[in-house]
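In the numbering used here, the protein residues as written are -6 to 400.
The beta carbon of each residue, even a glycine, is placed where N, CA and C say it ideally should be.
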């Protein structure tokens, strides 16, 4: 039983404990902003296109931030990079609070601050991922990954709901003020981190040379590259959310309440996976299990489509969440253990970039299938794409499949 329970021993380390607290506070703060920004934009424009435009702008900024953060994390002191980025995010939230409190609110301010926050979050998240292996013992990397994933899933599941209640009870500026306050707490915690200077070799490269070297490392490495490729497949399977409105209405016959449960089910599954993730630090065949976790996610989606009822759909999506969490933790461990420190920033940037692009590609695949199949069949066919892709990866990536971790 002890091997199943979440391993919290990384929290005994002072540096990682501050990272954990900072990341937790930041995730909850972002959850409040996730509600306030689209609601405020809609109140100003009355347009769904306006809301989507802001989301696209922030998404592009975050993508740029991940690549920029990857280069900076390998060329500058990672502590300084993280602190500057999180300070910029906190300042952006403070400006949003002031703008929301004005009698005449300005849409361009929301665009500008949203993009600043997107870049800052991409930079800080990438640099923080690169810094984590230096803050915990190597054998505790799976536990560290599970702890960070736990708080991310918990924050994603609860903070938006709390943010919605706060907007209803007060006003937009209060939500942004909470985000700015969370930024102060985050930066205060991160100031306790040790200095993490780069290697001299990284400093001597130009930005393009640095990025090119990172891409060459990933493309040539027989473990890290395949692990990221499997991650792309896992992220492609994460486009299921675009299928739920039609599936819920036409197949499950549920309203907004039932749809809300369906959207929450993967996060609940991931939370269960986090709390029972102790086994991820004791297994040796991490490569095969990382591939198998993607298959578990695909089976969960197939169950959602084949079941035809709300309970089966909830179970299937929860299984998807469990598989996704396990795969994330195992791939995080594989990538971090097999990436030299001088490349960790750029590899972390590529990791985050594949998450962003993979989810977008998954949504496109799911949408394409929905145009030629019924709502129920779409889920099954979408899952089948994941199964076939994963099996092909398993057969063509033998080095990853046979990877054995030293304990």
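Please tell me whether residue 151 and residue 12 are closer than 9 Å, where the distance is taken between their beta carbons. no
Just curious, the alpha helix (DSSP H) that residue 368 is in, first and last residue? 368 to 389
DSSP state of residue 339 mapped onto helix, strand, coil: helix
For the alpha helix (DSSP H) that contains residue 228, what are its first and last residues? 217 to 229
What do you get for residue 133, buried or exposed, if any count of 16 or more other CB atoms within 10 angstroms of its CB means buried? buried
Quick one: Cα of residue 293 to Cα of residue 254, how far? 16 Å
Applying the criterion that 16 or more other CB atoms from any shown protein chain within 10 Å of the CB defines a buried residue, is residue 381 buried or exposed? exposed
Residue 219 and residue 392: beta carbons closer than 9 Å? yes
Under 9 Å, do residue 287 and residue 230 count as touching if we go by C-beta distance? yes
Using a Cβ distance threshold of 8 Å, determine whether the region 137 to 149 contacts the region 59 to 66, with at least three qualifying pairs required. no
At a threshold of 8 Å, does residue 309 count as lining the ligand ADP (C-beta to nearest heavy atom)? For the structure depicted, the ligand ADP is absent and the ligand set is empty, with no information on it obtainable.
Please report the straight-line C-alpha distance between residue 187 and residue 120, rounded to a whole angstrom. 14 Å
Expected contact under 8 Å - CB spacing of residue 142 and residue 129 to nearest Å: Not confirmed; about 14 Å, so no contact.
What are the start and end residues of the alpha helix (DSSP H) that includes residue 38? 7 to 38
For residue 258 and residue -5, the rounded distance between their alpha carbons: Unreliable positioning characterises residue -5 in this predicted model, as indicated by a pLDDT of 47, which lies under 50. The coordinate reading is nonetheless provided below. Their backbone Cα atoms lie some 26 Å apart in a straight line.
Three or more C-beta pairs below 8 Å linking the region 231 to 248 and the region 361 to 380: yes
Residue 262 (DSSP reduced to helix, strand or coil): helix
Residue 25 beta carbon less than 9 Å from that of residue 156: yes
Counting Cβ pairs closer than 8 Å, one from the region 219 to 228 and one from the region 323 to 330, do we hit at least three? yes
Alpha carbon of residue 214 to alpha carbon of residue 338, nearest angstrom: 16 Å
Would you call the region 27 to 37 and the region 161 to 168 touching, i.e. three or more CB-CB distances under 8 Å? yes
Length of the line joining the Cα atoms of residue 6 and residue 179: 18 Å
Identify whether residue 92 lies in helix, strand or coil by the three-state DSSP scheme. helix
Does DSSP classify residue 345 as helix, strand or coil? helix
Taking all protein chains shown into account, do 16 or more other C-beta atoms lie within 10 angstroms of the C-beta of residue 388, making it buried, or fewer, making it exposed? exposed
Quick test of the definition: if touching needs 3 or more C-beta pairs under 8 Å, does the region 299 to 312 touch the region 238 to 250? yes
Which one of 283, 183, 90 and 131 has the shortest CA to CA distance from residue 329? 131
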